[in-house]
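Visitor: The sequence shown begins at 0 in numbering that gives the first Met the number 0 and counts up one residue at a time.
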Amino acid sequence: MRKQAGFTMPGTIIFLVLLTSFFVYETNMLLIDKKFYIEIEQKFVLEELLNRSITNIKKDLQQKEKEDTFFFQYEKGEASGNYVFENADILVSLQCKIKQEVFYKVSFRYRKKDEKIFNWIEG
Numbered sequence: 000m001r002k003q004a005g006f007t008m009p010g011t012i013i014f015l016v017l018l019t020s021f022f023v024y025e026t027n028m029l030l031i032d033k034k035f036y037i038e039i040e041q042k043f044v045l046e047e048l049l050n051r052s053i054t055n056i057k058k059d060l061q062q063k064e065k066e067d068t069f070f071f072q073y074e075k076g077e078a079s080g081n082y083v084f085e086n087a088d089i090l091v092s093l094q095c096k097i098k099q100e101v102f103y104k105v106s107f108r109y110r111k112k113d114e115k116i117f118n119w120i121e122g
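(1) My understanding is that Tyr73 touches Leu49, with C-beta atoms under 8 Å, so please give their C-beta distance in whole angstroms.
(2) At 3 residues or longer, and completely inside the region 55-91: list those beta strand (DSSP E) runs for me, N to C.
(3) With DSSP as the reference, identify every bridge partner of Leu93, one or two as the case may be.
(4) DSSP has Ile116 in a bridge; who is on the other side?
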């Protein structure tokens, strides 16, 4: 037993290094997962905000006949933009912003007579 006295310490150090590297790896994976789920939740909220604002825009455009701006306030964010009337089509520029300061901009054309959205351009 006295001849093996130096073997215990290097084995323990190697085991602790491997265990520590495993914990660091798992911690990094949990942080990446957390960031991923936060980003997915933000995109879901933006999509919900976009759908609600498009519904409100359609209702608002039934009453409008000239260029105007709009602003809709929701509990999770806000939507703003403007309308530009061009012949039978209406050019709508929309910007949605949630409370975490994440933006989404889109432009599209809206045909009032059949309530169709076309030429969807993001950015």
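Built from N, CA and C at the ideal position, the CB exists for glycine as well. Model, not experiment: these values are computed from the prediction.
Guide: Reading it off the structure:
(1) About 11 Å; that fails the 8 Å criterion.
(2) The region 55-91 is shown to contain whole beta strand (DSSP E) runs of 3 or more residues at 67-72, 76-85, in chain order.
(3) Under the DSSP definition of a beta bridge, Leu93 partners with Gly80, Val105.
(4) According to DSSP, Ile116 bridges with Tyr109.
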